[in-house]
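Colleague:
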Amino acid sequence: MRINTTTLVCLSALPLWLLVNYAQSNPHATELYYSNFYYPFVLKIHQTLLGRFPFSIGDILYLVLFALLIQFFIKKIPHWRIKPLSIFLDLFSILIVMAWIFHLSWGFNYHRLPLNQQLGISLEYTEQDLEDRLDKLIEMSNRSHSALSTSDSLAVKIPYSKEVLAEKIKLDFIFSDPMFLETSKVKKSLLSLPLSYMGYAGYLNPFTLESQVNELMPKLSIITTAMHEMAHQLGHASEKEANFIAYLSAIKSSDPYFQFAGHTFAFRYCYSEIKKIDPKKAAEKLKALNPGIIENFRALSLFWKQYENPFGFIFEKTYDGYLKANGQKTGIKSYHEMVGLVINYHKKQINP
């Protein structure tokens, strides 16, 4: 019996499933052989080929794939009732090819050894730990704000152009593993407007390994978003880990605007967590912030509000499902789990 290419591709779903399950069950092996040995070479190749382009090749690729997908359905729909199995196998084979490319280029990083284990810290914390860290973040945020604003009631304005900001972010990103080359400069997404309606601040393209941000956002948010995506580019797939790395890179920067971005970024997540536990205490903590910082938060909130739409819930659920399918059990809630990393990282430091 002759087996065609489509059938072979569909059958390759089994070895892929076995590989993914092995990676999930053996994070030490995934860390050693994939994240620290194989992936650096993949990243190097992508940087060499695509890093020279100032625009996002990945965005263009997505647009082309979207057009081809539409063409596929237009071509196949008339034959759906005649050859349903054939059309299903064609579509399934396309998905399997994309799944192979996704995992080989970046996706297995979801199953590497957790960062907290590499750093030797816990993710657990008490309410008092949370309150103590929040107080410290309020202190640091207010101090940074006072140094950057002429009044405690005025929002901080980033003085750099977005082009200069991208260069400075690349230079100030500090969470680099010796195994890796330096990260590539973050790119402005060509799809920033659609991303805004989808509620996305940025993303790493897992096929081209380009980190990109929604350039329509306020500049203050671009700083931590870019560093978050650069952390993904280095192979840290977990959202809580990418958030933590973005925070750490920002506060360790020599640039006071980056430090302010990092402190206020972590404050928002810690504040959100204490609000779930004790709303009254959370309100008291919020009042301790300089009013100008609240203005920065308000600017970000107003930005996202203008793009709210009935489909936002669908995009959120879709991404939540994507994360869970890749081993992130808490889905989009995992972004908030960076709080445990922040608290326990500083508890371990001599000078927190």
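For the sequence shown, our numbering begins at 841 and goes up steadily by one. Glycine included, every Cβ here is placed at the ideal spot set by N, Cα and C. All figures in this text were calculated on a predicted structure; none of them were measured in a lab.
For Asn956, which option in Glu1003, Tyr902 and His1076 has the closest C-alpha, if you only look at C-alpha atoms?
Modeller: Per the Cα distances, His1076.
Colleague: Unbroken alpha helix (DSSP H) runs of length 4 or more, entirely within the stretch 1088–1142: which are they?
Modeller: Here the runs fully enclosed are 1096–1117 and 1119–1127.
Colleague: Between the Cα of Tyr1000 and those of Ser865, Ile1063 and Arg892, spot the shortest distance and give me the residue it belongs to.
Modeller: The option with the nearest alpha carbon to Tyr1000 is Ile1063.
Colleague: State the Cα-Cα distance for the pair Ile813 and Phe928, rounded to the nearest angstrom.
Modeller: Because the chain here runs from 841 to 1192, residue 813 falls outside it and cannot be looked at.
Colleague: For Val1053, write down the residues that DSSP places opposite it in a beta bridge.
Modeller: Looking at the DSSP assignment, Val1053 forms a beta bridge with Lys1028 and Gly1042.
Colleague: Kindly indicate which three-state DSSP category His1076 falls into: helix, strand or coil?
Modeller: Coil.
Colleague: Between which residues of its own chain and Phe974 is the CB-CB distance below 8 Å, once the five residues before and five after are set aside?
Modeller: Phe is not the amino acid found at residue 974; the sequence shown has Leu there. So the qualifying residues of the chain are Phe1107, Cys1110, Tyr1111, Ile1114 and Lys1125.
Colleague: Looking only at its own chain, which residues have a Cβ that is under 6 Å from the Cβ of Lys1010, when we skip the five neighbours before and after it?
Modeller: Lys1025, listed in sequence order.
Colleague: Distance check for Ser1029 and Leu858, CA to CA, integer angstroms please.
Modeller: About 34 Å.
Colleague: Considering Glu1177, what are the terminal residues of the alpha helix (DSSP H) in which it resides?
Modeller: Unbroken run through Glu1177: none, as it is neither H nor E.
Colleague: Nearest-angstrom Cα distance between Ser896 and Leu1033?
Modeller: Straight-line Cα distance between these residues: approximately 14 Å.
Colleague: Can you list, in chain order, the residues of its chain with a C-beta nearer than 8 Å to that of Tyr1185? Leave out the 5 residues immediately preceding and following it.
Modeller: Within the same chain, Tyr1185 has close Cβ partners Leu959, Ile961, Phe1084 and Leu1088.
Colleague: How is Thr870 classed by DSSP in three states: helix, strand or coil?
Modeller: In the structure shown, Thr870 sits in a helix (DSSP, three-state: H, G or I).
Colleague: Considering Lys976, what are the terminal residues of the alpha helix (DSSP H) in which it resides?
Modeller: Segment Glu967 to Leu988, the alpha helix (DSSP H) holding Lys976.
Colleague: Can Thr1048 and His943 be called in contact, C-beta distance under 8 Å?
Modeller: Not closer than 8 Å, so no.
Colleague: Assuming Val996 contacts Phe1098 under a Cβ cut-off of 8 Å, what Cβ separation, rounded to an integer in Å, is found between them?
Modeller: 11 Å between Cβ atoms; not a contact.
Colleague: Taking 8 Å as the limit between beta carbons, can you name the residues of its chain near Lys1002, skipping five residues before and five after?
Modeller: Around Lys1002: Lys1028, Glu1055, Lys1059 and Ile1062.
Colleague: Which residue's Cα is closest to the Cα of Val849: Pro894, Leu935 and Leu994?
Modeller: Among Pro894, Leu935 and Leu994, the Cα nearest to that of Val849 belongs to Leu935.
Colleague: Beta-carbon separation of Asp1012 and Asp1095 under 8 Å?
Modeller: Their beta carbons are under 8 Å apart, which means Asp1012 touches Asp1095 by this criterion.
Colleague: With H, G and I counted as helix, E and B as strand and the rest as coil, what does DSSP make of Leu994?
Modeller: If DSSP states are grouped into helix, strand and coil, Leu994 belongs with coil.
Colleague: Candidates Gly1039, Gln1146, Phe906 and Lys1127: which alpha carbon is nearest Ile978's?
Modeller: Here the closest residue by C-alpha is Lys1127.
Colleague: On the criterion of 16 or more Cβ atoms from any shown chain inside 10 Å, does Lys1080 qualify as buried, or is it exposed?
Modeller: Burial call: buried.
Colleague: Are Ala1066 and Ala1082 touching if we call contact CB-CB under 8 Å?
Modeller: No. Outside cutoff.
Colleague: Ser852 lies in the alpha helix (DSSP H); which residues open and close that run?
Modeller: It is not in any alpha helix (DSSP H) - Ser852 carries neither H nor E in the DSSP assignment.
Colleague: Is it true that the CB of Glu1069 sits closer than 8 Å to the CB of Arg952?
Modeller: Cβ atoms of Arg952 and Glu1069: not closer than 8 Å.
Colleague: Starting from Pro880 and walking both ways along the alpha helix (DSSP H), at which residues does that stretch end?
Modeller: Per DSSP, Pro880 belongs to the alpha helix (DSSP H) from Tyr879 to Leu890.
Colleague: Quick check on DSSP: helix, strand or coil for Ile961?
Modeller: If DSSP states are grouped into helix, strand and coil, Ile961 belongs with coil.
Colleague: At which residues does the alpha helix (DSSP H) containing Tyr902 begin and terminate?
Modeller: Its alpha helix (DSSP H) spans residues Ile897 to Lys916.
Colleague: Can you have a look at Val937 and say buried or exposed, based on whether 16 or more other CB atoms are within 10 angstroms of its CB?
Modeller: So Val937 counts as exposed.
Colleague: Of all the options Pro918, Tyr950 and Ala939, which has the alpha carbon lying nearest to the alpha carbon of Ala869?
Modeller: Measuring from the Cα of Ala869, the nearest candidate turns out to be Tyr950.
Colleague: With 16 as the cutoff for other CB atoms within 10 Å, does Trp920 come out buried or exposed?
Modeller: Exposed: under 16 other Cβ atoms inside 10 Å.
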